[in-house]
Structures are given as C-alpha cells and as structure tokens.
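Chemist:
Residue numbers (the numbering used here), protein chains in the order written: chain C, 2 to 143; chain H, 34 to 427; chain A, 180 to 497.
(1) Fully enclosed by the stretch 374-432 of chain A, which alpha helix (DSSP H) runs are 4 residues long or longer?
(2) Quick one: which chain A residues come within Cβ less than 8 Å of residue 116 (chain C)?
(3) Taking any Cβ of chain C, which residues in the stretch 444-463 of chain A have a Cβ under 8 Å from it, in chain order?
(4) Looking only at DSSP bridge pairs, what is residue 77 (chain C) linked to?
(5) Out of H:361, H:289 and H:111, point me to the one whose CA is closest to residue 378 (chain H)'s CA.
(6) Measure the C-alpha to C-alpha separation of residue 14 (chain C) and residue 241 (chain H) and round it to an integer number of angstroms.
(7) Compute the Euclidean distance between the alpha carbons of residue 224 (chain A) and residue 20 (chain C), then round it to the nearest angstrom.
(8) Between the alpha carbons of residue 107 (chain H) and residue 63 (chain H), how many angstroms are there, rounded?
(9) Leaving out five residues on either side along the sequence, give the residues of the same chain with a beta carbon under 6 Å from the beta carbon of residue 316 (chain A).
(10) Could you check if residue 432 (chain A) is buried or exposed, using at least 16 other CB atoms within 10 Å of its CB as the buried criterion?
(11) Using a Cβ-Cβ distance under 7 Å, would residue 42 (chain C) count as near chain H?
(12) Going along chain H in order, which residues have a C-beta closer than 7 Å to the C-beta of residue 16 (chain C)?
(13) Verify whether the separation of the beta carbon atoms of residue 388 (chain H) and residue 156 (chain H) is less than 7 Å.
(14) Under 7 Å Cβ-Cβ, which residues of chain A neighbour residue 21 (chain C)?
(15) What would DSSP say about residue 59 (chain H), mapped onto helix, strand or coil?
(16) Select from A:296, A:424 and A:221 the residue whose C-alpha is nearest the C-alpha of residue 256 (chain A).
(17) For the alpha helix (DSSP H) that residue 187 (chain H) lies in, which residues bound it at each end?
(18) Would you mind reading off the limits of the alpha helix (DSSP H) that contains residue 327 (chain A)?
(19) Going along chain H in order, which residues have a C-beta closer than 8 Å to the C-beta of residue 86 (chain C)?
(20) Are at least three pairs of beta-carbons, each pair with one atom in the stretch 29-43 of chain C and one in the stretch 87-96 of chain C, less than 8 Å apart?
(21) Could you list the residues in the stretch 49-74 of chain C with a C-beta less than 7 Å from some C-beta on chain A, going in chain order?
(22) Please say whether residue 341 (chain H) and residue 363 (chain H) have beta carbons closer to each other than 7 Å?
(23) At the level of alpha carbons, what is the spacing between residue 376 (chain H) and residue 462 (chain A)?
(24) Report all residues from its chain with a CB closer than 7 Å to the CB of residue 107 (chain C); omit the five preceding and five following residues, and keep chain order.
(25) Would you mind sorting residue 406 (chain H) into buried or exposed? The rule is 16 or more other CB atoms within 10 Å of its CB.
(26) Give every residue of the same chain whose Cβ lies closer than 8 Å to the Cβ of residue 385 (chain H), excluding the five residues on either side of it in the sequence, and list them in chain order.
(27) Rounded to whole angstroms, what is the Cα-Cα separation between residue 103 (chain C) and residue 178 (chain H)?
(28) If we cut at 7 Å on Cβ distances, does residue 308 (chain A) have a partner in chain H?
(29) How many Å lie between residue 347 (chain A) and residue 446 (chain A) at the Cα?
(30) Quick one: residues in its chain with C-beta nearer than 6 Å to the C-beta of residue 357 (chain H), no 5 flanking neighbours on either side, listed in chain order?
(31) Would you say residue 216 (chain A) faces chain C, with C-beta separation under 7 Å as the test?
(32) Following the continuous alpha helix (DSSP H) through residue 266 (chain H), name the residue where it begins and the one where it ends.
(33) Does the separation of the CB atoms of residue 416 (chain A) and residue 206 (chain A) fall below 7 Å?
(34) Any beta-carbon of chain A closer than 7 Å to the one on residue 156 (chain H)?
(35) Ends of the alpha helix (DSSP H) at residue 128 (chain H)?
(36) Identify, in the order they occur along the chain, each residue of the same chain with its Cβ nearer than 7 Å to the Cβ of residue 435 (chain A), setting aside the five sequence neighbours on each side.
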C-alpha cells in the first residue's frame, strides 16, 4: 500500500523536457511506409481499370483519351480517398504508389482536392475541353 | 417544490453528451442521495447503416468499409471479414500472412489496452496516470505507423493475405519498443495494485461474480476478470494462433481492480507474442489469389477483439457483392453487466464502472427490430423506415 | 515593510483590487504550468488565464429557466466580493495589511468560506440534477474541511497570543523557529484543508468533471462563471499567503513572500498530480476523522506548551 506511487514519475518529469512535439515548428520525419497522397505514373498504364473497380470510396476515375495508344488521364479525388492502398496492390504494372512525403493535405479551397494525373499535354487537353464544355453550357443557358 | 422532488425519482442522465463518455450513449441512473437504485441504457446514437452499405459494395470494397466500424479495433474487424471470405472461397492464406495478421492484431491489442488504461484513470480523476499511459501509447502507435503506414485503420489485410511486409530494421524497432513498454507496464501494474487512492476507487467496486457473469453473458477481459474462461484465441484459434499460442489470463475477484489487472497482464502476453513472432516469422508469399466472385454459402467468423469476442456472420450468393453480413461486437454483450452491477453503488462510481467494460459505442449500433406479430422476413425501404421513425416518436 | 497605502488606492489598485486580480490570474497560470510539467506536458502560456477571463466576460450569459434570477446574477458577485474583502486584512505581497484590527483572523476565515457557500447556493438554485448533486457535495465538503482549516490557523494564533493577522505575521518573523517545525501537524492540516476548500484535486469531488459535468457551476456561463473562477483564484492567493505567513515564518519583504509562496505552490501542485480523485464519502470520512483528530492533538500540544513554558524556559536558560 503506497500513497503517491507515481511520485518517481512526477518528480522526474519536472526536470525532463516535456514530451509534447511543438508541431508545426518541429516536424518529425514520416516513416517510409506512410500512406500519403497517391501518385500515378501514366507511362506504364494499360487501362485495365482494376484500381477504379476496387476503390472503396470511388475516388479514382480513369478518363480514356485514346485507348489504342494508351493515353489516359486519371482524376483523383483527394477528399474522397481513404488511403487504403488497395489500388496500389491491384495494379499489376506498379503504376501507383502512395507518397510518404505528401501527407499534410489540409486546404481551405476545393481545387487542390481534384488532382489530375497524366502526361502534360493530355491533362491540358482535358482541362481545356472541360472549360469549353462549361462555356458552351453557360452560353446555352442564356 | 421540495415535496414534489422528494416523491419523484431523481434521475441523473449520463446522457448522449457527457464528459464521462467518449462516444454518445444514454444512461439513466435513478439515484437516492448518492446511491444508485436503477439503471437503464439506450444506445444507437452512432448507427451508420454499415450492414446495409456493405451489400452495395463488392467484396474488396466491403473489407475497407468493415474496417471502419471502429477506430480502436479496426484491424480485427478487417481480419474477421477476410478470414470469413477466405473460408467461403475455400482458400488458406499463406503462413507468413497469418503471422503478420497476428502481429498487427497483438499490436492493436496493446494500443487498445493502453488507451483504456488512460481513459479509465481519467474517469477516476487520476489524470497523471492518464497522461503517462498515453505518452507510452505513442510508442506503439509509431511502431504501427512504421509497419503498416497509418496510426489508425491500418489496412494491413487484403482478401487472401496481407499487403505489408516486415524487414529487419522494423524488427529491431519492434523489439526495442516492446522492451520499453514492458518496463513501463510493470510500473503501471504496481501503481494500479498498490496506490491507496486508486484502490479506494477500484477495489470491491462493481463486483460481478462468476455466476452473474455467465448469466449476463459477459465476455472479453470483463468476463475473464470474473473467472469466465473464454478466449477465442484459445478456444478456436485462427490466423497465426495455432503456431504462436496465447495463454489465457483470468482473475477471480470480479471487481474493477481485477479488470485492470487482467488487461495489464494481457499486455504482458501481447509483448511476449510480438517478440516471438518477430523472432520466428515464417517465410513465403504474402498473398494468395482470391476470385472476384465468392462461391455461395454461409460462414461464421470469430476473432478476439481487445474487448471480447467479435462475431461475423457472412452470407454469399455467388456474385461479387455480399448478400448479408451481420456483425455482433463484444461491447454489446457487456452492457448487461454494467446495468446490473451499478445498482447499490454510489453515483461517483458510475463512470468508472462504465469505463471498466471498455465500451466501444461505435461498434455497437446495429438495428434490431423485434416485432412480435410478424414472423416472415420483411424488406423495408427508405420511406418505410422514415415513417416508422415518425410514428415511434409521436 | 511598513509602507501604508492610502485606502482607496489599496482597495482599487495595489495591493488589492486590480493588482490582486492580476496576481490571481498569475497564480492560476503557475499552478496549471506546474501541474503540466509534473505530467510531462508543456502547459499553458502566461496569458492563458487572462485570455480565459476575457473570453468568459465576452460570452453570452444564459440564465436557465426555473432559477431565481436575482440570486443567479448576484451570487458570483458576492463570492468575488468576499474573496477581495478577505484579502484586505492579509499581508499581501509582503506589505502590511490595509485593514488590521483585533479579531480580523476570524473575519477573514469566515469571508473565505463565503465562496463555498455561494457555490453551494448557486448549485441549489437551478433545477439541473448535476448542479444539485454538485451543490450537495460542495456543502458537505465545506463542513469537513473548514473546521480543521480554521483550527489549524488558530495554532500560531494561540502560540503568539493574538487574533490580529498582521501582529501574527510580525510575531512569526521574529520567532527563532518557524511554526512549520514546531507545529508540523498544524501545517499539514492547514495545507490539506486549503486544498479541500478550493476543491483542488484530489478533493475535487464537488466539481468532478467526469461524473457531474461541472458540479454546482454547470449552468453558469459567461460573466458569472468568469467571476466565480477569478474568485477562486483570489482565494488561492489569500489562502497561500495566510499559510505561508503563519507557518513559514512570516513576510518582511516582498521577496520573502515570493519565494515562500512559490514553495507552497510547488508542494500543492505536486499533491494535485499524485492522487486519484477521492469520492465524496471518502473525502469527508478521511478528513472529518483524521483531520479533526490531528488538529485537536496539535492544539492540545500547543496549550500544554504554552502553560508549561514559564516553567521550562528558566530551566533551559532563557
């Protein structure tokens, strides 16, 4: 029967540094297995769509620009992704992997959460088409 | 006004929002001075419709949905689901995968018990123990992050095996972590069993005898603290447990102190198991191919969550989507013990008795409809449900 | 120090009034910071209690139905007024007390208990179950902690033969042996009595956060809650000053005051972090028996010592 059995802890911690990390001024290194933001390499993709089929939250969408020449653009909804890495496992050609550096993903606007992956010209083509599509629609409304 | 208050029963609600509860649940304690004379409970505040949601998703997507039933015991939910699917498809995951599943499950048990130690200490007003045990819990969270990639919702399972592997650097980190935690746990065991003020809050409080425990159906560490010798890892071993068995930890006192002691001793068992698995990890592949369409059948899958026995009933109709999955989580069985042992104790003991069963409200909420009149199965759609709810509250 | 401040300045600015309010907030900061360091955390920054107070003053005050409105609004003001008045007879910060007269020890101790009475009344005023349970516990704890605390404060008063706090302070500075050494039991009783009065852990059953939300003050918000909090801080300052002045050898300078009160605060913070919360029946049972017995033994010893000292002193050579 002791009174004050945590006395040793209490006295020791008075003289030690507090264990709290003063994030964001002090940042710890992320481990290498961390499942951060998804990264897609368009060069090896064959368009099998296994990643899209098995995503639990339908965060991936593969837009086919040219099926024969394997030109795809992937639309990745960062705000719907659950970071489960099932798509990484499914891909047989190792096109996908989860980055361990990009894990501070908070943002105040909606735009950073819709990520388009693909070759430069493909993505530009797609975005311009979308902008034209919207402009046409708003013309139609008038 | 005083006469009116004396004749009515004085009901203290520990209600959906209360600092004692980390998750919403409604308890009403009828109090006479400070002594509790009656207790009722109402759950269902965290119902998310997961059993219905999983019927719309294919088997792989369902794995990740089921993992999110609970944050603290997420890996065992995924493991139960994956084991059930593998049983339906009649395949066996390779031994390395089973061992890694057990490793992550034991690490999760460590994290859950340390979390519980802190929360129960906080309910008893012992904030220092709360802060220190949560500081030590960061060690196991960092280990889990190193191995699986995330601190909660580890997603280590896939249908047919695991998706993570353990290399030597991680093995060393695991060994070091276990050494540190074992030393700290010895200290906590001393604190819990010897500190006068803490014993005044836990000894002889919430006593549940062996007969009461078997009658009320208490499982998990709550039941084992009363002498019930039930542990799914020992009764029907699954995953890696046939190769790395566990020793069951029980106590006979049945009071709150016994529940503390049982959980801390289970921590020792987990440390021993983690070290054993790390030292003798079998070689081989990590996964086995599972077909997209699972053959028809019904299967029962039981695993030992940190809170008790987790029970999955899975029915497949041959397509790539499950037909029915029923989840019965361990906390649901332990509520009866709270309501019975609460009577006769003081109001100040209520939060500790509630915390003593390690309640996990988000696991709990399934919809149970008991309609005495009709016996055939019913299918209700959204409009029927809404109408029923409106009628109920009128 | 023998500086006497003109009454109005003492009342409003220094060392009472605004300076006392500021030092109450500072002591709360020190207490929270020390407890945090004992628990291996960082703790709040120096302006946290001030920020809390300003925020509380700015928030809307919700008056629940079923209470007596005038009582609801006046009780925090009474509590704060009592604490501030009690501070006027106490040698704050090492300066001579502003209002000093024979018997002010009794008046000060009574004013210090007014705070708990006000909290109990505030809890009983509402219809909320948590408040009623908290008020019952607060008043129960009042009975068991006030009496030993007062008796412990009387120990040095009897030894010095006066009821006037400033004279006791002067007498304590001139004693060769601090009272903590010659009346250790009294010191222990006084310190624990103070922690019980202020409802500091482990004696915080009346405001047990995990059981009854906030105890008697559950329904208070905004200005009323802020006033209660700051009243409690001032009571902490006054109580620590009293104990330090009686048992730790009195104050002759402000520097003396600072380090003695800091040592007391250190001990109090350590006691706060070491124990689990005691249930209300355990606190009452513990202190009504042990505390009262201890203090009565101490008083008996003092009386014996006083009676025998004319005979013993010549034997010891003066």
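Where a beta carbon is used, it is the ideal one built from N, C-alpha and C, also for glycine.
This structure is a prediction, so every number in the text was calculated from the model and none was measured.
Modeler: Judging by the given coordinates:
(1) The qualifying runs are 388-391 and 402-426.
(2) Contact note: residue 116 (chain C) does not reach chain A at a C-beta cutoff of 8 Å; the least C-beta distance is about 37 Å.
(3) Against chain C - using a Cβ distance shorter than 8 Å - the residues of the stretch 444-463 of chain A are 449, 452, 453 and 454.
(4) For residue 77 (chain C), the beta-bridge partners assigned by DSSP are C:61 and C:116.
(5) If we check each option's Cα against that of residue 378 (chain H), H:289 comes out closest.
(6) Taking the CA atoms as reference points, residue 14 (chain C) sits about 38 Å from residue 241 (chain H).
(7) CA-CA distance, residue 224 (chain A) to residue 20 (chain C), rounds to 16 Å.
(8) If you take the alpha carbons of residue 107 (chain H) and residue 63 (chain H), they lie about 35 Å apart.
(9) Short of 6 Å from the beta carbon of residue 316 (chain A), and not among the five residues preceding or following it, lie these beta carbons of its own chain, in chain order: 384, 385 and 459.
(10) By the Cβ neighbour-count rule, residue 432 (chain A) is exposed, with fewer than 16 other Cβ atoms within 10 Å of its own.
(11) For residue 42 (chain C), the answer is no, since every Cβ of chain H falls outside 7 Å of its Cβ.
(12) Per Cβ cutoff of 7 Å: no residues; residue 16 (chain C) is ~15 Å from chain H at best.
(13) Taking 7 Å as the cut-off, the Cβ atoms of residue 388 (chain H) and residue 156 (chain H) count as close.
(14) What residue 21 (chain C) touches in chain A, judged by beta-carbon distance under 7 Å, is 220 and 221, going in chain order.
(15) Three-state result, residue 59 (chain H): strand.
(16) Out of A:296, A:424 and A:221, the CA that lies nearest to the CA of residue 256 (chain A) is found in A:296.
(17) Per DSSP, residue 187 (chain H) is not a residue of any alpha helix (DSSP H), being assigned neither H nor E.
(18) 308-339 is the extent of the alpha helix (DSSP H) around residue 327 (chain A).
(19) Within 8 Å of the CB of residue 86 (chain C), the CB atoms of chain H belong to 182, 188 and 196, in sequence order along the chain.
(20) Taking a cut-off of 8 Å for Cβ pairs, the stretch 29-43 of chain C and the stretch 87-96 of chain C touch, as three or more such pairs fall below it.
(21) Going along the stretch 49-74 of chain C in chain order, one finds no residue with a Cβ nearer than 7 Å to chain A.
(22) Contact flag set, yes.
(23) Computed Cα separation, rounded: 22 Å.
(24) Around residue 107 (chain C): no qualifying Cβ.
(25) Because residue 406 (chain H) carries a pLDDT of 46, less than 50, the predicted location of this residue cannot be relied on, and no value is offered for it.
(26) When the five nearest sequence neighbours on each side are left out, the beta carbons in the same chain lying within less than 8 Å of the beta carbon of residue 385 (chain H) are those of 153, 156, 157, 234, 235, 238, 239 and 289, in order along the chain.
(27) Going from the Cα of residue 103 (chain C) to the Cα of residue 178 (chain H) covers about 15 Å.
(28) Chain H, which has a Cβ nearer than 7 Å to the Cβ of residue 308 (chain A), makes this yes.
(29) Roughly 23 Å between the two C-alpha positions.
(30) Within the same chain, 348 come within 6 Å of residue 357 (chain H) by CB-CB distance, once the 5 residues on both sides are set aside.
(31) Yes, residue 216 (chain A) counts as interfacial toward chain C.
(32) Per DSSP, residue 266 (chain H) belongs to the alpha helix (DSSP H) from 265-268.
(33) Less than 7 Å divides the Cβ of residue 416 (chain A) from the Cβ of residue 206 (chain A).
(34) Closer than 7 Å: yes.
(35) From DSSP, the alpha helix (DSSP H) with residue 128 (chain H) extends over 128-156.
(36) Taken in chain order, the residues that qualify are 273.
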